[in-house]
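The listed protein sequences derive, respectively, from chains A and B.
For the first sequence, my numbering gives the first residue as 66, with consecutive numbering after it.
For the second sequence, my numbering gives the first residue as 650, with consecutive numbering after it.
Glycine included, each C-beta is placed from N, C-alpha and C at the ideal position.
Report on one structure; see the data block that follows.
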Amino acid sequence: MQDLSLHILDIIENSARASSQLIDITIGIDEIKNVISIEINDDGTGMDQQTLENAQNPFYTSKSERQKKVGLGIPLFKQNAEWCNGMFLMTSVINEGTSLKAEFQYDHIDRMPLGNVQDTMIGSILGHSDIDFNIRLYHIHKHNEMSEFVLDTRIIKSELGDIPITWPDVIQYLNETLNEGIKNIKLEEF
Amino acid sequence: MKTLADLKAIREKAQQEMKLRNSNVRVKVIVGMGTSGIAMGARDVMKAFLDEVATRSLTDVVVTQTGEKGFSSMEPVVDVIEEGKPGVTYGNMTADKARKVVVEHLVNGNPVKEFIISTEK
């Protein structure tokens with residue numbers, strides 16, 4: 066993966082595959098604490114302790130043996146976080162969901178760029194139109210002022226009524242909303 | 650700044666359009682978004698399909714995504730499933746190839762043979 070936004074997309078795919086109905090995503094830069102933090106919580110099937118440990122092991126995958134023998138998504142993300150003086154924590158409860166938190170030292174020389182958060186979000190929202198996404202992006206600047214952007218597809222879907230979220234004009238709306246939001250909080254250049 | 654009022658306008662316009670044309674889903678585009686797909690550029694492919702659907706107002710096309718399918722060496726992989734026709738799988742996709750598939754396959758109904766890696770029997 067070339068950047069953090071691709072890792073985020075990969076993690077969201079795991080949540081989607083675990084039959085989640087709501088995925089909460091928080092991505093933030095805190096320049097004062099010198100941290101980039103990524104949190105993804107889902108209400109999917111969850112994992113038992115053994116599976117949770119296995120998921121962080123590069124030689125494990127939840128997919129059947131014949132199809133695929135290794136699952137590198139989570140181990141690579143974890144490695145990248147730990148490499149950058151950060152942390153990685155995954156917790157899970159069967160039938161309740163899984164939570165993942167990763168932190169990266171913001172100015173670490175090896176930290177990957179944040180990448181294109183807009184495309185990750187638009188792809189996830191529209192690629193899984195039956196799942197709701199509650200997205201919060203924030204940026205705490207050097208002088209302590211905080212800006213944030215929130216997008217909740219539950220509100221959008223209730224406003225749309227019987228029009229699907231995948232409708233062409235809605236795709237355009239989401240694109241513009243995310244683009245403006247990310248620019249407003251200056252999250253695009255990291 | 651985009652607001653919820655904009656959504657209301659979109660909804661009203663869409664309801665009018667739905668009355669005028671058949672808004673049933675005619676084509677499903679499924680982008681493989683597993684770890685290897687993502688690493689090979691599946692997100693750009695997804696975005697290209699979404700942008701084309703939006704700008705061309707293709708109301709009868711739905712773009713969605715799925716996990717790994719076992720074509721890892723040919724990622725990014727995209728399935729196009731058209732009503733009443735055998736499904737087609739495209740491999741080694743890029744954003745440019747996706748745009749070509751939209752024009753030739755989704756709009757004009759001619760699958761792009763040189764990108765196909767498998768056809769449903």
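Check your understanding: How long is the line joining the alpha carbons of Asn240 (chain A) and Lys762 (chain B), rounded to whole angstroms?
Key -> 31 Å
Exercise for review: Hey, could you find the ends of the beta strand (DSSP E) Ala167 (chain A) is sitting in?
Suggested key: Gly162 to Gln170
Check your understanding: Identify the residues that DSSP records as bridge partners of Met211 (chain A): which are they?
Key -> A:Ile205
Exercise for review: Under 8 Å between beta-carbons, which chain B residues line up against Tyr238 (chain A)? List them in chain order, please.
Suggested key: Lys651, Asp655, Leu656 and Ile659
Check your understanding: Exposed or buried, which one is Gly758 (chain B) when buried takes at least 16 other CB atoms within 10 Å?
Key -> exposed
Check your understanding: Nearest to Ile90 (chain A) by alpha carbon, out of A:His72, A:Lys98, A:Glu96 and A:Asn99?
Key -> A:His72
Check your understanding: Is the Cβ of Trp148 (chain A) closer than 8 Å to any Cβ of chain C?
Key -> Here the protein chains are A and B, and chain C is not one of them.
Exercise for review: Please report the residue range of the alpha helix (DSSP H) in which Asn145 (chain A) lies.
Suggested key: Gly138 to Trp148
Review point. Along the chain, where does the beta strand (DSSP E) that runs through Asp655 (chain B) open and close?
Key: Segment Leu653 to Leu669 is the alpha helix (DSSP H) holding Asp655 (chain B); no beta strand (DSSP E) there.
Exercise for review: Using three-state DSSP, classify Leu71 (chain A) as helix, strand or coil.
Suggested key: helix
Review point. So Ile103 (chain A) packs on Ile92 (chain A), CB below 8 Å; how close in whole Å?
Key: 5 Å
Review point. Beta carbon of Ala703 (chain B), beta carbon of Pro233 (chain A): below 8 Å?
Key: yes
Check your understanding: For Gln714 (chain B), which residues does DSSP report across the bridge?
Key -> B:Val680
**Study point:** Contacts around Pro178 (chain A), its chain only, beta-carbon distance under 6 Å, and the 5 residues preceding and following it disregarded
**Key:** Asp68
Review point. Relative to the alpha-carbon of Glu147 (chain A), which residue among A:Leu137, A:Phe124 and A:His173 has its alpha-carbon at the smallest distance?
Key: A:His173
**Study point:** Local conformation of Lys134 (chain A) per DSSP, three classes
**Key:** For Lys134 (chain A), the pLDDT reaches just 46, beneath the cut-off of 50, and the residue's location in the model is therefore unreliable, although a value from the coordinates is still provided. Note: Lys134 (chain A) maps to coil in three-state DSSP.
Practice item. Assign Asn244 (chain A) to one of three DSSP states: helix, strand, or coil. Key: helix
Point to revise | Buried or exposed by the 16-neighbour rule on C-beta atoms within 10 Å, applied to Lys134 (chain A) | key: Because the pLDDT at Lys134 (chain A) is just 46, under 50, the model does not fix this residue reliably, and the value given afterwards should be weighed accordingly. With fewer than 16 other Cβ atoms within 10 Å, it is exposed.
Review point. Is Val182 (chain A) helix, strand or coil by DSSP?
Key: helix
**Study point:** Whether Glu701 (chain B) touches Val751 (chain B) by CB criterion (8 Å)
**Key:** yes
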